[in-house]
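Structure first, commentary second.
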Amino acid sequence: MLYPLKFEPIFKDKIWGGQKIKTVLNKDFGNLPNCGEMWALSGFPGSESIVSNGFLAGND
Numbered sequence: 411m412l413y414p415l416k417f418e419p420i421f422k423d424k425i426w427g428g429q430k431i432k433t434v435l436n437k438d439f440g441n442l443p444n445c446g447e448m449w450a451l452s453g454f455p456g457s458e459s460i461v462s463n464g465f466l467a468g469n470d
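The sequence shown lines up with residues 411 to 470 when you count with the numbering used here.
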């Protein structure tokens with residue numbers, strides 16, 4: 411059965427960042443002091459998205 415793939419977001423610490431992503435998008439970015447970017451999907455080397463559901467969970 412086919413199903414939509416869901417991915418873990420990637421949070422980037424930036425000097426211009428803050429806490430707004432937590433409040434506006436209701437996303438928890440852990441212990442980053444200044445989250446300046448959130449990548450919903452990425453194929454960039456070193457920052458590949460990780461599948462969060464189904465039998466592919468944990469794979470990039």
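Glycine is no exception: its CB is placed at the ideal position from the N, C-alpha and C atoms.
Q: Take every Cβ of the region 412-428, pair it with every Cβ of the region 460-470, and state whether three or more of those distances are shorter than 8 Å.
A: yes
Note down the Cα distance separating G446 from T433, rounded to an integer number of angstroms. 13 Å
query = Under a three-way DSSP split, which group does F454 fall into?
reply = coil
Cα-Cα separation, A450 to M411
24 Å
>> Excluding the 5 residues flanking W426 on each side, which residues of the same chain have their C-beta closer than 8 Å to its C-beta?
In response: N444 and G446
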